[in-house]
Amino acid sequence: MLKFIFNRKQLKLNFRLHVAIKANNFSEVEESLRRGADPNEYGMANLRYRPLACAVRYNASPSVIDALITAGADPQEPYKFEGREFLLSEAAQLSGRSDEIVQRLRRAEKAAEAAKGPRRLFRGSNVCFRPNFGT
367 MLKFIFNRKQ
377 LKLNFRLHVA
387 IKANNFSEVE
397 ESLRRGADPN
407 EYGMANLRYR
417 PLACAVRYNA
427 SPSVIDALIT
437 AGADPQEPYK
447 FEGREFLLSE
457 AAQLSGRSDE
467 IVQRLRRAEK
477 AAEAAKGPRR
487 LFRGSNVCFR
497 PNFGT
């Protein structure tokens, strides 16, 4: 019973984190992370994206992205789109996010690569494919 209550509490925290990211609410993101929301877990609000990918998808501010990375979000987690995988910095650049966000993600990806090694991505068979992530 205790495990179920903890999981339910964790789900609510993760849900709250995803809602705050979508709303680009930095103070709520910080509060959710401080209370124990997992920066690498899918939330009920968006089962398709983890928090850092959700921040890229919904054009969150650089401060939200920094808070997630500082809290331990994995910058090497691939952004999946139409059966292919992209680094978050690539997805941010292709979808027209600011250079500041792209550079912060690249720095975090390089630091994670130095610590854990390179990430292999599934690129699909069409090397000429240029995704349109939407803006």
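Numbering (my numbering), first residue to last: 367 to 501.
Heads up, the beta-carbon is just placed ideally off N, CA and C, and yes, glycines get one too.
When we look at the beta-carbon of residue i and count the other beta-carbons within 10 Å, is it buried (16 or more) or exposed?
| i | result |
| --- | --- |
| ASP465 | exposed |
| ALA477 | exposed |
| PRO441 | buried |
| ARG416 | buried |
| PRO405 | buried |
| GLY409 | buried |
| GLU443 | buried |
| ARG463 | buried |
| ALA426 | buried |
| SER398 | buried |
| SER461 | buried |
| ALA480 | exposed |
Under 8 Å between the Cβ atoms of residue i and residue j?
| i | j | result |
| --- | --- | --- |
| ASN390 | VAL430 | yes |
| GLU451 | LEU487 | yes |
| TYR424 | ILE387 | yes |
| VAL422 | ALA474 | no |
| LEU471 | LEU454 | yes |
| ASN382 | ALA403 | Residue 382 is actually Arg in this sequence, not Asn. Their beta carbons are under 8 Å apart, which means ARG382 touches ALA403 by this criterion. |
Kindly indicate the opening and closing residues of the beta strand (DSSP E) around residue i.
| i | result |
| --- | --- |
| ARG450 | 450–452 |
| TYR445 | 445–447 |
Ends of the alpha helix (DSSP H) at residue i?
| i | result |
| --- | --- |
| LEU434 | 428–436 |
| SER355 | With the chain running from 367 to 501 in the structure shown, residue 355 is simply not present. |
| ARG423 | 417–423 |
| ARG401 | 392–401 |
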